Amino acid sequence: MATSKAQMQATIKYKAKAYKRIPLDVKIEEYEALKEFTEKNGESINGFIRRIIKENIVND
Numbered sequence: 335m336a337t338s339k340a341q342m343q344a345t346i347k348y349k350a351k352a353y354k355r356i357p358l359d360v361k362i363e364e365y366e367a368l369k370e371f372t373e374k375n376g377e378s379i380n381g382f383i384r385r386i387i388k389e390n391i392v393n394d
């Protein structure tokens, strides 16, 4: 699916307004273990981190 330049700019503008990025630095070994774990469980790394955050905020 081709995306127009205007659509890409609109998406960037929306994400800047609606989302906040959280940089996360981990050691390569930790990343590889996390990647293996999430792939084995059918989940993306991003999805896993978001789920863990939500679970902990709700359970706090």
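Remember, the numbering used here sits 334 above the position in the sequence shown when you count from 1.
Ideal Cβ positions, reconstructed from N, Cα and C, are used throughout, including at glycine.
All figures in this text were calculated on a predicted structure; none of them were measured in a lab.
*Report back the beta-carbon spacing between Lys-369 and Ile-379 to the nearest angstrom; my notes put them in contact at under 8 Å.*
6 Å
*Quick one: grab the DSSP three-state call for Thr-345.*
helix
*Pull up the distance between the alpha-carbon of Phe-371 and that of Thr-337, whole angstroms please.*
33 Å
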